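Take the sequence shown: its position 184, counted from the start at 1, is 184 in full-length UniProt numbering, and no numbers get skipped.
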Amino acid sequence: QTFQHPSERHPKILNSPVNLYRIVESVGAEVTEFSEGDTVIPVFLSDCGECSGCRSKKSNLCSKFPFKVSPWMPRDDTSRFTDLDGNTIYHFLSVSSFSEYTVVDVAHLTKIDPDGIQMSSACLLSCGVSTGVGAAWRTADVEEGSTVAIFGLGSVGLAVAEGARIRGAARIIGVDMKPEKFEIGKKFGITEFVNPADCGDKPLSQVINEMTEGGADYCFECVGLPSLMEEAYACCQKGWGKTVVLGVARPMSEMKLQCFDVLRSGKILTGSLFGGLKPKSDIPMLLKHSIDKVKLHLPLSLLSRLRFIYGFT
């Protein structure tokens with residue numbers, strides 16, 4: 001059978017935006033980094049620690065095991081899962097956490113010290129929280145006193161707000177279709193809220209630009225809609241504004257920008273996987289900030305709101 005996209009291979013073991021921490025049950029013959037009994041967090045983004053991308057301070061993109069939506073293990077393009085009849089069950093994003101046991105390559109595991117950590121909160125760092133906080137800290141490098149606009153107040157958007165708040169942003173504007181998200185957003189630093197449904201005949205970008213006297217210093221698209229990515233770019237301050245795309249759009253989606261506008265505006269448009277963070281070194285760093293309660297706030301109450309925040313149905 002011919003598949004147009006790897007995501008069409010079924011059956012598969014899926015995983016969620018929150019990959020629960022795991023205990024290593026056993027290791028392969030050539031594994032030296034982990035031992036039985038280690039506490040680990042599985043992450044969709046690889047970190048081999050050996051290639052030029054992993055060694056560079058400028059990137060978190062592994063060139064040895066580049067990110068792709070693959071139904072296989074990354075090293076040999078095979079599956080470790082079968083059903084009772086011996087038929088192949090496919091992997092998903094190299095994690096496949098919706099099972100009691102899973103098989104994960106060492107490049108996709110981060111070892112953590114469980115002492116002093118609320119593990120139910122630590123699992124939030126496997127994807128959404130790290131992506132949002134990292135995007136504010138690492139990718140955008142949000143400056144104190146700046147203005148930030150966040151499009152989509154799900155888990156990633158709220159984490160962006162938390163990262164921007166810690167960095168000292170003066171204004172953090174949340175954009176979402178659900179007004180009730182403003183109350184949640186306030187706990188993470190959101191200072192103002194815009195509902196696109198209330199903009200009337202004005203484009204969303206015009207409303208934001210009028211609020212910010214020309215545009216926000218940093219814009220974050222956290223939904224995955226090409227049209228919203230275009231709006232976020234239009235809301236960015238000319239000359240120095242930066243738009244960071246975090247939302248995952250459908251395969252083969254395209255966004256459209258006028259070439260002359262890109263040339264004359266002097267804006268920056270960039271994507272960011274996992275917020276630019278390196279899983280093996282930066283997840284422990286975020287956990288330390290959480291334990292010390294100096295910077296990062298990982299509220300356990302987030303877990304009780306997963307249905308709301310992630311939009312699960």
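Glycine included, each C-beta is placed from N, C-alpha and C at the ideal position.
Source: prediction; values computed, not measured.
- request: Rounded to whole angstroms, what's the CA-CA distance from I173 to S99? Just pull it up for me.
  value: 38 Å
- request: Kindly indicate which residue of S290, S272, I283, L286 has the alpha-carbon position closest to the one of residue 321.
  value: There is no way to answer for residue 321, as the model of the chain reaches only from 1 to 313.
- prompt: Between residue 361 and the rest of its own chain, which residues show a CB-CB distance below 6 Å, the 5 nearest in sequence each way excluded?
  reply: This structure leaves residue 361 out entirely; the chain is present only between 1 and 313.
query: Counting along the chain, where does the alpha helix (DSSP H) carrying Y218 start and finish?
result: It is not in any alpha helix (DSSP H) - Y218 instead sits in the beta strand (DSSP E) that spans 218-221.
query: Between the C-alpha atoms of G37 and K186, what's the straight-line distance to the nearest angstrom?
result: Distance between the alpha carbons of G37 and K186: 39 Å.
- prompt: Going by alpha carbons, who is nearest to A159 out of E180, G145, S126?
  reply: S126
query: Whose C-beta lies closer than 6 Å to the C-beta of D76 among residues of the same chain, with five residues either side of it excluded?
result: none
task: Evaluate K238 with the Cβ neighbour count: other Cβ atoms within 10 Å of its Cβ, from every protein chain shown; 16 or more gives buried, anything less gives exposed.
output: exposed
Three-state secondary structure assigned by DSSP to P284: Three-state result, P284: helix.
query: Thinking just about the alpha-carbon of each residue, which of R80, E30, P42, S26 is nearest to the one in K12?
result: R80
message: What residue range does the alpha helix (DSSP H) around K186 cover?
response: K186: member of the alpha helix (DSSP H) spanning 181-186, first to last residue.
I112 - containing beta strand (DSSP E), residue span: Where I112 is concerned, there is no enclosing beta strand (DSSP E), given that its DSSP letter is neither H nor E.
task: For G311, count neighbouring C-beta atoms within 10 Å of its own C-beta (all shown protein chains included) and say buried if the count is 16 or more, exposed if not.
output: Per-residue confidence for G311 stands at a pLDDT of 37, beneath the threshold of 50, marking its modelled position as unreliable; the derived number appears in the next sentence. Around the C-beta of G311, fewer than 16 other C-beta atoms lie within 10 Å, and the residue is accordingly described as exposed.
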